[in-house]
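If you read the sequences in order, they're chains L and E.
One point on numbering: in my numbering, the residue at position 81 of the first sequence is 81, and numbering is uninterrupted.
Plus 196 on top of the position in the second sequence (first one is 1) and you've got my numbering.
Ideal Cβ positions, reconstructed from N, Cα and C, are used throughout, including at glycine.
Protein chains: 2
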Amino acid sequence: MKKTDDFAANVYIALLHYPIYNKLGEKITTTVTNLDLHDISRAGKTYQIKKYFVVNHLKSQQGLIKRMKKYWTGGYGASYNKNRHQAFSVLSVVDSMQQVKEQIYQEEKSEPLLVATDASSLPNSISYQDLRNKMFEGDKPYLIVFGTGWGLTEETLDICDYILEPIYGRGDFNHLSVRSAASIILDRLLGPDWWS
Amino acid sequence: MKKTDDFAANVYIALLHYPIYNKLGEKITTTVTNLDLHDISRAGKTYQIKKYFVVNHLKSQQGLIKRMKKYWTGGYGASYNKNRHQAFSVLSVVDSMQQVKEQIYQEEKSEPLLVATDASSLPNSISYQDLRNKMFEGDKPYLIVFGTGWGLTEETLDICDYILEPIYGRGDFNHLSVRSAASIILDRLLGPDWWS
Chain L
1 MKKTDDFAAN VYIALLHYPI YNKLGEKITT TVTNLDLHDI SRAGKTYQIK KYFVVNHLKS
61 QQGLIKRMKK YWTGGYGASY NKNRHQAFSV LSVVDSMQQV KEQIYQEEKS EPLLVATDAS
121 SLPNSISYQD LRNKMFEGDK PYLIVFGTGW GLTEETLDIC DYILEPIYGR GDFNHLSVRS
181 AASIILDRLL GPDWWS
Chain E
197 MKKTDDFAAN VYIALLHYPI YNKLGEKITT TVTNLDLHDI SRAGKTYQIK KYFVVNHLKS
257 QQGLIKRMKK YWTGGYGASY NKNRHQAFSV LSVVDSMQQV KEQIYQEEKS EPLLVATDAS
317 SLPNSISYQD LRNKMFEGDK PYLIVFGTGW GLTEETLDIC DYILEPIYGR GDFNHLSVRS
377 AASIILDRLL GPDWWS
């Protein structure tokens, strides 16, 4: 395992609000949770991801996110809390996964490898160790995709190159918030090798 | 490193709302953040901690937490989302750190070893690897203490047996939310050894 300093891949993350399953397995658009913006921006900045895309096609929801970002990155909010300003520099609002992929391609001149996250065990899932090794060794950009509501739909899983194995702690209960899951996943994939 | 199944220590966590520093270094009581209750209960349950103590001496704040817990563990909330019901089973509201220690002593017939968490590098801090080894090998209970606001005060750090080193990602920025920090710390200390 290489050290964090030798890290090669550029990593992006996306939080999807559509298409998402609700409790009944129907396809819905979820609403934005304020602390998803704060917590995942802060974790993203801590693990030096290049951009955190919040995917929501509703203009009213996009407006909410942009106002929140403007508050913390300009004027009083920015001077009150400088590190929140830095954290939100990675946050970007877009309409769709297609737009996420286009923006990454423009930036990287290379298609990102897509990694889906899911709390269920799915066939062909990749382990944390294997994905970490690929990220440390490869030079392609990666996009890690997180869901909201009751999770990512089949159509999103189908376009992903990898499905990351679920996070298990010390038992069968693994109902983490997306804020907790994103933090742990970034730490496992991109954090220093504290165990060695 | 032993496997998770062999885990020996009983681990408790506490989230302090008093005494806490504010931005100016003054000692204050912080207010409860709803998602601190949800996210840390869910992470706590995932990593099989024995109890999650929310420490707040204000009766109005305690009432708020108890109403929230009652909603999700009884009646409509419990039937709507069964895993939230399980998660909140670990949540308990208390007045003070003294009460936390007394409750753990009653349960364990042994004083817990106290572990402070802090985002700053402090002298004599313990590494994740060392604390994990101690937890896996020892039979004393542990209490991991998390702060809110601008962090734990000197008087809390002074009574702790260990100060856990800060979480660093891939750079100097380490301004994680307490929800993210608690999730990553539980994963590093109590999670399976996914890297081996």
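Counted as a single uninterrupted DSSP element, the beta strand (DSSP E) harbouring S288(E) occupies residues 287-290. When 9 Å is used as the limit between beta carbons, N329(E) is near no residue of chain L, the shortest such separation being about 10 Å. When Cβ pairs closer than 8 Å are counted between the two stretches, the stretch 277-287 of chain E is seen to touch the stretch 218-238 of chain E, the count reaching three or more.
Minimum Cα-Cα distance from G169(L) among the listed residues V289(E), D383(E), E361(E) corresponds to D383(E).
Looking from the CA of Q244(E), the closest CA among A205(E), S275(E), P215(E) belongs to A205(E). Against P192(L), the close residues of chain E are Y364, in the order they occur along the chain (beta-carbon pairs closer than 7 Å).
Counting only runs of 3+ residues, the beta strand (DSSP E) found wholly inside the stretch 48-93 of chain L occupies 51-55, in chain order. Residue burial annotation: P308(E) is buried, with at least 16 other C-beta atoms found within 10 angstroms of its C-beta. In this structure, DSSP gives S379(E) a helical state, which the three-state scheme calls helix.
Between the C-alpha atoms of G343(E) and I359(E) there is a straight-line separation of about 13 Å.
Within the DSSP secondary-structure output, I322(E) pairs in a beta bridge with L360(E).
Setting aside the 5 residues that flank it on each side, V207(E) is surrounded in the same chain by I245, Y338, each with a C-beta closer than 6 Å to its C-beta; the list follows chain order. L220(E) carries a coil assignment under DSSP once its states are collapsed to helix, strand and coil. Remark: fewer than three beta-carbon pairs, one from each stretch, lie closer than 8 Å, so the stretch 257-265 of chain E and the stretch 47-67 of chain L are not flagged as touching.
Note that the C-beta distance between I209(E) and I340(E) is below 8 Å. F136(L) carries a helical assignment under DSSP once its states are collapsed to helix, strand and coil.
Chain-order list of chain E residues neighbouring D187(L): I363, G365, I380, D383, R384, by C-beta distance under 8 Å. Of the residues G44(L), I104(L), H17(L), the one whose Cα lies closest to the Cα of A377(E) is G44(L).
At a cut-off of 8 Å between C-beta atoms, D39(L) counts as an interface residue with respect to chain E. Check the Cα spacing between W391(E) and each of Q325(E), S292(E), D368(E), E304(E): the tightest is with Q325(E). Under the three-state reduction of DSSP output, L114(L) falls in the strand class.
Straight-line measurement puts the Cα of K247(E) at about 15 Å from the Cα of K305(E).
Shown here, A239(E) sits in a helix according to DSSP, grouped into three states.
Nearest Cα to K336(E) within the set G347(E), E351(E), V311(E): V311(E). For the set A315(E), V290(E), R238(E), the Cα lying nearest the Cα of T349(E) is the one of A315(E). Considering only beta carbons, no part of the stretch 340-352 of chain E lies closer than 9 Å to chain L. The C-alpha of V251(E) lies about 29 Å from the C-alpha of E333(E). The beta-carbon of Y243(E) is placed less than 8 Å from the nearest beta-carbon of chain L. Counting C-beta atoms within 10 angstroms of its own C-beta, T31(L) has fewer than 16 neighbours from the protein chains shown and is therefore classed as exposed.
At least 8 Å separates the CB of R67(L) from every CB of chain E. With its beta carbon less than 8 Å from one in chain L, F369(E) belongs to the interface. Within chain L, the residues whose beta carbon sits less than 7 Å from that of A283(E) are H175, listed in sequence order. Contact between Y18(L) and T33(L) is absent: CB atoms are separated by about 14 Å, not below the 8 Å threshold. Per DSSP, Y214(E) lies in no alpha helix (DSSP H) and is assigned neither H nor E. Using a Cβ distance threshold of 8 Å, R375(E) and H175(L) do not count as a contacting pair. At a C-beta separation below 8 Å, Q99(L) has no neighbours in chain E, since its nearest C-beta there lies roughly 26 Å away.
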